[in-house]
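Here numbering that gives the first Met the number 0 is used: position 6 in the sequence shown is 5, and no number is missing along the way.
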Amino acid sequence: MLKWLWLTALVVILDQVSKQAAVHFLTPHDPQAFLPFFNFTLTFNKGAAFSFLSNAGGWQRWFFTVLAVGVSIFIFLWLKKLNNKEKLLATSLALILGGAIGNVIDRSIYGHVIDFIDWFYPSGDGCLPFFFSINQITCHWPTFNLADSAIFLGAALMIIQAVFSKEETE
């Protein structure tokens, strides 16, 4: 099912173009309002998801790069073995692979991942789980990018496929 690599390539291209646009047009940590619940805010993440280990001293750059390359190879080999009927799984894997490659490119070249999508909601009563309060008025989801979105969407599609699969197990 290597024919699905077009989707992987599309994710990588859109991710890298959007990140370069963010670097070119945005100032780090200066939110630019787009919608009442959405800003473009340029950040540089040296860690993993939610900036996990971002202040670990530098070793995490290569650790997460090697980990992502290993996962990417595994996903590529899995994608290669799929049959033509496994379209949803192929779509899922292609999205995850594209997102992983997009973030590996950043980490390898710059030493960090470029993030710029900033979702939030106004709240005076505290934040929902997984949102971080920057002030008393808004709660923000951690800033992310298109590669992260592709990984999330691919994982969600895999879960949907697993839950609603009509294959019988024996």
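Where is the CB? At the ideal position from N, CA and C, for every residue including glycine.
Item                                                                                        : Value
Whether V11 touches I100 by CB criterion (7 Å)                                              : yes
DSSP three-state assignment for W118, whether helix, strand or coil                         : strand
Length of the line joining the Cα atoms of W118 and D147                                    : 13 Å
C-alpha distance - K79 paired with H139, whole-angstrom precision                           : 38 Å
Any 3 or more C-beta pairs closer than 8 Å across the stretch 70-86 and the stretch 106-115 : no
Distance between G153 and L92 (C-alpha atoms, nearest Å)                                    : 6 Å
Residue span of the beta strand (DSSP E) that contains N102, given as start and end         : Run containing N102: none in the beta strand (DSSP E); it sits in the alpha helix (DSSP H), K86 to Y109.
Continuous beta strand (DSSP E) stretch holding F39: start and end                          : F37 to N44
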